[in-house]
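This report concerns only the one structure given below.
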Amino acid sequence: MSPMITSILILSLATGTIITMASFHWLLAWMGLELNTLAILPIISESHHPRATEASTKYFLTQAAASSLILFSSVMNAQATGQWSILQLEDPLAQTLLTVALAMKLGLAPAHFWLPEVLQGSSFKTGLIIITWQKLAPMTLLLLTWNQASMLTLMMMGSLSVAVGGLGGLNQTQLRKVIAFSSIAHLGWMATIVTKSNKLALLNLTMYILISTPMMLSLIFSSTKTTQDLTTTWTTSPMLAPLTMMTLLSLGGLPPLSGFMPKWLTLEELLAQNMAPLATVLAVSTLLSLFFYLRLSYSLSVTLSPSPTKISSKWRLKPNTSTLPLSIALPPSILALPLTPLMKP
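In structure tokens form, the structure reads like this:
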């Protein structure tokens with residue numbers, strides 16, 4: 001793909017998200033979501049591999065269905081109330097339909113089946129866009145309608161997503177699928193807490209993006225695609241291996257790393273609102289996710305791949321990718337826990 005076409009697509013992607021984030025009218029928000037979806041499709045299918053084409057087709061079908069539901073719910077609300085404002089969603093059926101549509105856009109269980117398949121068919125760079133930038137527009141709509149969305153639906157989908165994300169990642173060896181199930185679990189945390197505290201949901205999203213970005217960049221840098229590939233990371237970059245391990249553990253929410261902060265504050269808020277059973281379900285389900293993060297960390301730092309030669313390390317040529325974004329993104333993904341007192345809502 002030529003640089004000009006790539007820059008046009010990236011610009012369209014950014015424009016679609018910004019239109020949705022800045023709009024208070026349902027038709028403008030829907031238009032931004034459509035522009036965003038149409039811009040990402042050529043990026044997903046850039047390699048012209050059958051799996052990439054299949055991934056872009058699945059992404060288009062699910063996102064188009066979700067956008068149709070959003071438009072349908074806004075039309076229903078306009079018919080019942082006579083207004084198109086996002087902040088005044090009063091029809092109960094429209095509220096439930098919008099909640100389901102945004103859950104499908106984000107990849108919450110039980111509408112999560114497209115996310116692992118799309119990530120598996122995409123490159124790591126495209127996967128990074130899908131699990132970070134592509135979540136901003138639907139999450140903004142969820143934050144705008146947090147006090148009007150169907151609370152029961154969101155909490156059920158959120159707790160189910162945390163459990164499905166943990167169980168689904170246990171049996172995976174492909175890192176892109178592991179990252180997809182990890183994304184589903186983290187989105188479950190955001191959906192569960194958004195009806196109780198939208199500030200905490202925003203903190204969860206911010207920390208997830210801050211931790212996922214350096215993890216994906218480190219996997220891109222070391223050309224790692226499977227669990228077995230992790231065992232040779234130390235030969236490519238001895239310093240990157242322990243940093244990637246800590247990023248994985250931070251994504252799992254292990255103290256004293258950055259990923260522990262949003263989970264800690266979320267559980268504290270749920271307990272303060274007398275929702276101990278839900279907090280227990282979330283905490284226990286997160287142990288499943290932590291297990292496969294620990295397994296990946298074990299493969300990365302403890303095991304050594306069988307080497308038939310006497311050479312202990314690979315040839316270290318000049319890397320094709322820039323290491324500056326990785327160097328900037330790694331410290332906040334590991335060391336942000338001392339900022340917790342400033343983050344309390």
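Residue numbers (UniProt numbering): 1 to 345. Ideal Cβ positions, reconstructed from N, Cα and C, are used throughout, including at glycine.
Short of 7 angstroms from the beta carbon of Thr303, and not among the five residues preceding or following it, lie these beta carbons of its own chain, in chain order: Thr231. Taken in chain order, the complete alpha helix (DSSP H) segments of 4 residues or longer contained in the region 70-113 are 92-106. For Pro42, the CB contacts under 7 angstroms within the same chain, skipping 5 residues up- and downstream, are Leu9 in chain order. Between Met31 and Ala66, the beta carbon gap of about 14 angstroms keeps them out of contact (Cβ cut-off 8 angstroms). Counting along the chain, Asn198 sits inside the alpha helix (DSSP H) bounded by residues 198-221. The C-alpha of Thr37 lies about 38 angstroms from the C-alpha of Pro338. Shown here for His48: not one same chain residue has a beta carbon closer than 6 angstroms to its own, the five before and five after excluded. Beta-bridge pairing by DSSP links Gln174 to Thr226. Relative to the Cα of Leu154, the nearest Cα in the group Arg295, Leu115, Ala101, Pro242 belongs to Ala101.
Taking the Cα of Lys135 as reference, the smallest distance to any Cα among Leu106, Phe113, Pro110 is reached at Leu106. Distance from Met207 to Met157 at the Cβ level is roughly 21 angstroms; contact not present, criterion being Cβ atoms closer than 8 angstroms.
If you keep only unbroken alpha helix (DSSP H) runs of at least 4 residues inside the region 110-169, you get 114-121, 124-131, 136-144, 151-168. Spatial neighbours of Val178 in its own chain (CB-CB distance under 6 angstroms, excluding positions within 5 residues in sequence) are listed in chain order as Gly169, Gln172. Below 8 angstroms, too few C-beta pairs join the region 9-22 and the region 116-126 to call them touching: fewer than three. Counting other Cβ atoms within 10 Å of its Cβ, Thr145 reaches 16 or more and is therefore classed as buried.
By the neighbour-count criterion, in which 16 or more other beta carbons inside 10 Å mark a residue as buried, Gly82 falls on the exposed side.
Distances from the CA of Gln148 to each of Leu128, Leu200, Leu270, Asn77 were compared; the closest alpha carbon is that of Asn77. With 16 or more other Cβ atoms inside 10 Å of its own Cβ, Pro214 counts as buried. When the beta-carbon positions are compared, Ile211 and Leu251 come within less than 7 angstroms of each other.
For Gly16, the enclosing alpha helix (DSSP H) stretches over residues 3-22.
For His25, DSSP records a beta bridge to Ser85.
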